[in-house]
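This report concerns only the one structure given below.
Residue numbers (the working numbering): 347 to 608.
What follows is the structure, encoded as structure tokens:
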């Protein structure tokens, strides 16, 4: 039946289980030429796999907004970068991804959020997406960023690293820090180990970060001297409110009838 909804502008599925969404009922450019968004919120899928109906070869060419939040999605098709649109905004938050597939980074998303997934290691490519503006990697299991980022995203303006065990940075972050000194704080890290250490330093309880300054690490972000506090506080945002999902989940739950304490 969904094949007959030719004027559909978007699809939202909330608090549901998708047992099957086969290719015969796929969203396609032929049948859904004007669809612009796909939201799956509090949704379970069979075996945690993206249904075939959501990655048909005839994928809608206007579908540039794909947001999933609180799902059991654990894997994505390897050829997704040849199906979904390049430049798509992609949120896959609080799901079951254990890694960031290159099929996602190859799509050159301008917003990418993998917040809340059980990811313990990030690929360098996630920081090398050419046109990306916002990156959400908070509430994951990471304890460090990838060491070798050689072609840092030139447009990347904000990185959400909230609620993680990140306590230090590699030297490749310094050019970002220097380029954003006239702009709002680019590193949002409320609830992180780094913010806890920064708080102890600026309150006078500690004199150094756990990682001491050296050429092996970020020269700027390991410098705990009082003369550097202005740069640190201009670069690092430690407000915990930024640990929220990119998808407006609280508003969705309020509007769709689920108690906010779920």
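Note that the Cβ used here is the ideal one computed from N, Cα and C, for glycine as well.
Do you know offhand how far residue i's Cα is from residue j's?
i	j	result
residue 440	residue 454	21 Å
residue 501	residue 387	29 Å
residue 363	residue 575	49 Å
residue 479	residue 503	5 Å
residue 530	residue 368	45 Å
residue 400	residue 423	10 Å
residue 528	residue 521	13 Å
residue 338	residue 446	The question about residue 338 has no answer, for the chain in this structure spans 347 to 608.
residue 562	residue 475	24 Å
residue 485	residue 519	20 Å
residue 383	residue 436	10 Å
residue 456	residue 506	14 Å
residue 385	residue 466	26 Å
residue 511	residue 540	8 Å
residue 418	residue 444	12 Å
residue 460	residue 572	35 Å
Just to confirm my understanding: we take residue i, look at its own chain, exclude 5 residues before and 5 after, and list those with CB closer than 6 Å. What are they?
i	result
residue 602	360
residue 583	531 and 534
residue 494	470
residue 371	348 and 399
Near residue i, what residues of its chain come up, given a Cβ to Cβ distance below 8 Å and the 5 sequence neighbours on each side ignored?
i	result
residue 552	543, 546 and 570
residue 366	392 and 397
residue 536	508, 509, 583, 584, 585, 586, 587, 588 and 589
For residue i, which residues from the same chain have a beta carbon less than 7 Å from its beta carbon, with the 5 sequence-adjacent residues on both sides left out?
i	result
residue 413	385, 437 and 593
Could you check which residue in the options has the C-alpha nearest to that of residue i?
i	options	result
residue 415	403, 390 and 472	390
residue 587	538, 572 and 452	538
residue 450	428, 523 and 353	428
residue 408	463, 581 and 355	355
residue 549	523, 579 and 526	579
Does chain D have any CB closer than 7 Å to the CB of residue i?
i	result
residue 452	In the structure shown, chain D cannot be found, because there is only a single protein chain.
Problem set entry | Entirely enclosed beta strand (DSSP E) segments - the segment 453-523, minimum 3 residues | 457-459, 480-482 and 504-506
For this session: Please confirm if the segment 487-497 is in contact with the segment 566-581, defined as three or more CB-CB distances below 8 Å between the two stretches.
Result: no
For this session: List in chain order: all unbroken beta strand (DSSP E) runs of 3+ residues lying wholly within the segment 371-405.
Result: 383-391
For this session: Could you tell me whether the segment 552-562 touches the segment 368-380, where touching means 3 or more Cβ pairs closer than 8 Å?
Result: no
For this session: Any chance you could list the alpha helix (DSSP H) runs of at least 4 consecutive residues sitting entirely within the segment 420-459, in chain order?
Result: 448-451
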